[in-house]
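Residues -27 to -1, 1 to 790 in mature numbering (1 follows the signal peptide of the UniProt record, and there is no 0) are what the sequence shown lists, from first letter to last. Data first, discussion second: the structure below is written as structure tokens.
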Amino acid sequence: MAMPTFPPLLLLSWFLFAHFFSLVVIAERSTYIVHLDKSLMPNMFASHHHWHSSTIESIKIVNPALLNSYHPVPKLLYSYDNVFHGFSAVLSKDELEALKKSAGFISAYKDRSVEAHTTNTSEYLKLNPSSGLWPASGFGQDVVIGVLDSGVWPESASFRDDGMPEIPKKWKGICRPGMLFNTSLCNRKLIGANYFNKGLLASNPDVNISMNSARDTGGHGTHVASIAAGNFVKGASYFGYAPGTAKGVAPRARLAVYKFSFDEGNVASDLIAAMDQAVADGVDMICISYGWRFIPLYEDTIAIAAFGAMAKGVLVSASAGNRGPFMGSLNNGVPWIFTVASGHTERWFSGTLTLGNDLKIRGWSLFPARAIIDDWPVIYNKTVSACDSAELLAQVPDAGRSIIICRKSADAEEVASQMRSVAEARLGAAIFISNDPAVLRSIEFPNPGVVITPKEGKQVLSYVSTTTEPKASISFLETHLDSKPAPVVSASSARGPSRSYLRVSKPDILAPGVLVLAAWPSNTMAATIGTNIELATDYLLESGTSMAAPHIAGIAALVKGAHPEWSPSAIRSAMMTTANPLDNNQKPIRKSEDDKPATSLDMGAGHVDPNRALDPGLIYDTTPQDYVNLLCSLNFTEEQFKTIARSSANHNCSNPSSDINYPSFIAFFSPEGNFTFLEQKFRRTVTNVGSAAAKYRVKVKAPRNSKVSVSPQTLDFKKKNQKLSYSLTIRYKDDAEQEVQSGSITWVEENGNHTVRSPIVISPEIETWSVEAHTTHTSEFLKLNPSSGLWPASGFSQDVVIGVLDSGETHWGQLLQ
């Protein structure tokens, strides 16, 4: 039988269609993170990796139209087995559907990018080489901190191994060579370096990784690592500001760096691979300064991986995020992560403005040079003094040796714009006027000048308006350690409550996070002068919860060094219950954005006090099973539960409980009629880690409009490590404006030195992704997704007003953007 013949045009059309179809198949491929139940792994497989590879091979789908052409196949990227069980792979939608029918499949979701949250702190924290936590822990010696970030600049003096003993035998990690990075760059301080970018390459096959190694080119990872555990470095400063000896919080702890964030981007599959490897290598602590907002708990890979790390005894310290001061803006808010907020310290950087009448004003300045501004003319001109036009500023006579007053009281963004205009106009110097605390978090200062308050601005304008030839001088590179009040919660620090799980108050604790001096890559731009001069430095001042999290990781390493038998929750409890809720004026810590007292949704239990954490008296310990009981209490499907807990076969859900043994309390109210009312009960168990016999009495500070009862009111311990329980009931009623209310309970030791404080917070009710996903099913049925599609594209219909004609029933809750 003769083969049919086809016209050339038809053949061409078929070829173009097949080629187009092939491109569609390729375009539809995405990287997925897949969770499997390891208890269902067939015995025929020697390892989890073989099982994963075989699973991928079994779901290859061949399209007949592409038999004679290139056809992409599913590709295994990472095989995970420590922080959770599963793999990440590049799959088509059809292959994903086939995978769902495989033995052991639990869940899968698309890979996604992660958001980064960006040296007197040891003295500020009262860490002393001769007493307290430092010597008690051997300065953290042999405790390994794993830093998951953008890599490391290994040549920094902060990573020298001077005085360090041999690497602990427990260490299983490697120093992986790569671009401009060889194994000799690791040492007894920097004991591990690894990098992960298979997921990033899969998400964009055309990307060119400019630094394919653990070397840091952005600076973030280097900065974070040196805060946590940098060695002692004399003579460090930021162009003369903050001079002294730089050192990490745990200067003798070991560092292992896991780079998953590259200049070209980052994705969750690489982050999980990094955390999975860190746990396998034998780290004691993990520090991560990345996260997501508004994502269901069962898709939050940091939370899921941290659960696995916790189950293996590894404490995870994570930044709260920098989307403050808005309520509910916090990241990393699950109970098994130590969530860290950011605060200002008592350190102040200034330039002193001296007027011709000898009035001295200590203004804010971080101009990176010792400029000579001596008896220069001061100019105030209503036309140009808005400082919003470089063209107008350039017309000022003798502009190169004048000081312009930028008269407009500006916020931080406007001050930055004014600075750029002054620099472009090449004016000699400027006086900026602002009351925005965000100015005090920025190091952008390209032109000589100072920032003063509106009140001080009136003094300057008064002098200029009453003087024929007003003049002034400015001095620079001044560092002061007398700022009051301090600490103050940074306005940028994200706030609770946690959308991931409302029954635990978050953040947990406050730590230094504003203008922290730490190591920086020496070939990376750190500051500018004018418009075209870029400066480099070995040590940089940086701000953010990214800087706060490694402080807590370092302190946790010290506590671990002093108490190696303590669990992650015991270490967190010791640090939370000894945290200080007062500033250096002995008044409640305040918020920088409005100068109001901070609640535990702003600062957690208070500012960390490392030396007191060494001997907390009592601890709230939490077992992995307690966290499982918590998961059992949530209205998760079996697949969602197993995504976090790994396997339902290995976990007992006979005692579900949403009330975890946590060293803080939170309750939510909702309106009922003309007033709000709530009654909520809690149960806690504390362990005596102090003296052999001790008696504690409770001291209650109830939130406003509430009553707090505790039973029993006395805990009488007969021996060390004894556990005793108590119950706490909150009753709240208010007919006024609904606001967050704070209080506390403190267990005070009789005839002893221990006080064990836990914050109480009463908050308006908010909704979470988890609640929304599990109380109704229609949004899932309609395939509405918080990370892609119509929901995020529309801003979840923010600012769209919907009129509802109904019976008037009210559902109380707010979805905060």
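All C-beta atoms, glycine included, are put in the ideal place defined by N, C-alpha and C.
Per DSSP, the beta bridge partners of Met258 are Ile118 and Leu288. Ser315 and Ser466 do touch by the CB rule: their CB atoms are close to 4 angstroms apart, below 8 angstroms.
For the pair Gly373 and Ala385, the Cα-to-Cα distance works out to about 25 angstroms.
Two segments are said to touch when three or more pairs of C-beta atoms, one from each, lie closer than 8 angstroms; by this definition the stretch 554 to 572 does not touch the stretch 505 to 521. Contact holds between the stretch 316 to 329 and the stretch 456 to 464, because three or more Cβ pairs, one in each stretch, are under 8 angstroms apart.
Going by C-alpha positions, Tyr436 is about 14 angstroms away from Pro427. Look at Asp599 here: in three-state DSSP terms it is helix. Burial check for Pro370: the Cβ neighbour count within 10 Å stays below 16, so the residue is exposed. In the three-state reduction of the DSSP assignment, Ala314 falls in the strand class, which pools E and B. By the CB criterion at 7 angstroms, Tyr600 and Val659 fall outside the cutoff. Between the stretch 107 to 116 and the stretch 222 to 241, the count of C-beta pairs closer than 8 angstroms reaches three or more; the two stretches touch. For the stretch 419 to 500, the full-length beta strand (DSSP E) segments reaching 3 residues or more read 422 to 425, 444 to 453, 482 to 485 and 489 to 492 along the chain. Listed as beta-bridge partners of Ile735 by DSSP are Ala640 and Gln714. Boundaries of the alpha helix (DSSP H) around Val388: Ala385 to Ala398.
Non-local C-beta neighbours of His624 in its own chain, meaning closer than 6 angstroms and more than five positions away in sequence, comprise Val601 and Ala618, ordered along the chain. Note that the C-beta distance between Ile118 and Ala62 is not below 7 angstroms. A straight-line Cα-Cα distance of about 15 angstroms links Ala402 and Ser323. The stretch 650 to 659 makes contact with the stretch 700 to 708: 3 or more CB pairs, one atom from each, lie closer than 8 angstroms.
The beta carbon of Arg188 lies closer than 6 angstroms to those of Gly124, Leu153 and Phe154 in the same chain, with the five residues before and after it left out. Contact annotation: Met258 and Ala530 have beta-carbon atoms nearer than 7 angstroms.
Taking 7 angstroms as the cut-off, the beta carbon of Ile310 is found no closer than this to the beta carbon of Val287.
Under DSSP, Ala667 shares a beta bridge with Phe690.
For Thr325, the enclosing beta strand (DSSP E) starts and ends at Trp321 to Leu328. Closest in C-alpha terms to Gln714, from the list Ala586, Ser478 and Asn628, comes Ser478.
Secondary structure note for Tyr512: it is in no alpha helix (DSSP H), and the uninterrupted beta strand (DSSP E) holding it is Tyr512 to Glu515. For Glu1, no beta strand (DSSP E) run applies, since DSSP gives it neither H nor E. From the listed residues Ser292, Asn557 and Pro480, the smallest Cα separation to Ser456 is found for Asn557. By the 16-neighbour rule on beta-carbons within 10 angstroms, Ala76 is exposed.
In the structure shown, Ser606 adopts helical secondary structure according to DSSP, grouped into three states. Straight-line spacing of the CA atoms in Ser12 and Tyr53 works out to 14 angstroms. Runs of the alpha helix (DSSP H) spanning 4 or more residues and lying entirely within the stretch 183 to 223 occur at 193 to 202, in chain order.
A straight line joining the alpha-carbon of Ile352 with that of Thr452 spans about 28 angstroms. In this structure, Ile164 is the residue among Pro597, Phe212 and Ile164 with its C-alpha nearest to the C-alpha of Gly203. Between Asp632 and the set Lys672, Gln598, Asn678 and Ala291, the nearest pair of CA atoms involves Gln598.
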